[in-house]
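Here it is in structure tokens:
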């Protein structure tokens, strides 16, 4: 399976979400926030706030954003610390209170006036206000809001939305306290307190109609909505507690089954394999062999090795230290023909190709599209050769089963998200991706495919420790194919052991023919000459690939703000 190309991308996506959005932000916590709002007879509201911050490291001050409701205004904003006035920098609704320090816990007092903060009707007056909303970027560890009427009264009703729902309690004087506890960042929390209209005799009447029943009905509907949401949430939790463990168990069972199946097949192959040579027989061309045994991935070195493989076959000869010439195009696969066309006609000219031609070609950005088009076609033709061999079983139903199970999880994930079940949502999305990726990438090799795969991997693990005598015991053909396969897989062919083996290849005399034909082309000799520069060839092809690939594409050879508070008001806290 082609997981090696997927994992880096998934890792980058995960890091994108978990890394802090502000790399150099001030480190702090808001330990406590106390807000006291004193309603005035004229409808204004005098507000006092105490914010306790704990800073880690250097800091310059705190931030308080106060966005008034439509029809209201915030004036006379001031900041103090132990009765000492602190400088305030105001930009629109954002107030930056300057108080620098390092590794301290400080408490800053803020006070301001909300003009027209109380709406007065014929039968009722209401203070309906958001002291914070979803724009808030900081978590309040402990928050308390207390609302005081202009005069003592027992006729009071209080409500809350979101974080303030069912958090209100009445005090003997008619005041109302909201004990919100911890308030996460990005949350809303409107408060709503109703008092008799006669307590605000000096205030302008917002609307000379009775509003109490409408407000009570509105709050009753909201309470029912919350109750329904809670009931639905519990139902979703119950479903999740059953479905998620089952789907996790099924996925693990599928993976373990496939691993065990693969392991048993490998044991069977090892027991039955009677291959006497360390180098597997030539079932596929070199590029196709690499494609099949390297998880359907090709490397720039594969192209260099493919060119050398054509010298082995006699289709190409080396005419100079870094130059090659096409001899004939007979008896080659479609992808080999595509490679020769690209190297000897597109990059080179008139059937000739040099590494210098490749360098010049790669330095011209206009050739990027030609190169990409060639790679796509070359890879497709290589895959076609592999597919024709029936090295993979038809597992369409099994793959569809995984994809189907993943898709069935999507409605559940959406339900969890709607009901604020964040943990279950991410688990479900993770399972969906796991089933989807597994279903898309899963492939099962046939017995012949597994046998070939095992033989080449066994060869590669043993080749690095192969002795000179062991190498010379191989046929000339096997020596060439062994060397080229390792080169195509990106192995270091400049190592001392590989160079010793290559010298052994040169020293071994060719079989004498009965009839001496000195002018007949000798592919083995040409191959040896070319293989001497294999490292520089690999380097040239890799550099060309890096130059010609679109920016940010490193897998060419792979397979493939609104306002949340009531009336538009709200705000939040921060530091700088």
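Numbering (mature numbering (1 follows the signal peptide of the UniProt record, and there is no 0)), first residue to last: -25 to -1, 1 to 551.
Where a beta carbon is used, it is the ideal one built from N, C-alpha and C, also for glycine.
Owing to the predicted nature of the structure, the values given are computational and were not obtained by experimental measurement.
DSSP-derived helix/strand/coil call for residue i
i	result
residue 8	strand
residue 551	coil
residue 54	strand
residue 329	strand
residue 338	helix
residue 405	helix
residue 207	helix
residue 305	coil
residue 398	helix
residue 257	coil
residue 289	coil
residue 166	strand
residue 383	helix
residue 91	coil
residue 417	coil
residue 273	coil
residue 47	coil
residue 575	Residue 575 cannot be examined here, being either before or after the span of the chain that is shown, -25 to 551.
residue 313	helix
residue 222	helix
Cβ-based burial, residue i [other Cβ within 10 Å; buried from 16]
i	result
residue 158	buried
residue 383	exposed
residue 204	exposed
residue 379	exposed
residue 277	buried
residue 129	exposed
residue 324	exposed
residue 430	buried
residue 344	exposed
residue 552	Here the chain comprises residues numbered -25 to 551, so residue 552 is not present and cannot be evaluated.
residue 332	buried
residue 177	exposed
residue 231	exposed
residue 33	exposed
residue 284	buried
residue 234	exposed
Opening and closing residue of the alpha helix (DSSP H) in which residue i lies
i	result
residue 71	Run containing residue 71: none in the alpha helix (DSSP H); it sits in the beta strand (DSSP E), 69 to 77.
residue 359	343 to 362
residue 618	Past the boundaries of the shown model lies residue 618; the chain is included only from -25 to 551, so the question cannot be answered.
residue 599	Lying before the first or after the last residue shown, residue 599 is absent from the chain, which here runs from -25 to 551.
residue 144	Note, residue 144: premise wrong, no alpha helix (DSSP H); beta strand (DSSP E) at 143 to 145.
residue 426	422 to 438
Residue nearest to residue i in terms of C-alpha spacing, selected from the options
i	options	result
residue 28	42, 7, 514, 247	7
residue 120	180, 128, 144	144
residue 152	65, 89, 166	166
residue 358	270, 216, 243	270
residue 369	410, 420, 104, 331	420
residue 303	274, 517, 22, 286	286
residue 346	126, 196, 523, 32	523
residue 122	62, 139, 150, 279	150
residue 97	62, 170, 133	170
residue 236	463, 57, 418, 80	418
residue 19	290, 43, 371	43
residue 561	391, 142, 226	The structure shown has nothing for residue 561, since the chain only spans -25 to 551.
residue 175	95, 212, 181, 111	95
residue 576	24, 290, 404	As displayed, the chain neither begins before -25 nor continues past 551, which places residue 576 out of reach and without an answer.
residue 391	428, 213, 79	213
residue 40	109, 371, 16, 15	109
C-beta atoms of residue i and residue j nearer than 9 Å
i	j	result
residue 114	residue 4	yes
residue 361	residue 200	no
residue 48	residue 89	yes
residue 564	residue 219	This structure cannot settle anything about residue 564, because the visible part of the chain is limited to -25 through 551.
residue 12	residue 1	no
residue 38	residue 69	yes
residue 456	residue 257	yes
residue 334	residue 515	yes
residue 107	residue 197	no
residue 327	residue 307	no
9 Å Cβ cutoff, residue i in contact with chain B
i	result
residue 19	Here chain B cannot be found, since the structure has a single protein chain.
Endpoints, beta strand (DSSP E) assigned at residue i
i	result
residue 40	33 to 42
residue 118	115 to 123
residue 94	94 to 96
residue 153	151 to 158
residue 466	Counting along the chain, residue 466 falls outside any beta strand (DSSP E), and DSSP gives it neither H nor E.
residue 65	63 to 66
residue 180	180 to 182
residue 297	Neither: residue 297 is in no beta strand (DSSP E) and is coded neither H nor E.
residue 103	100 to 104
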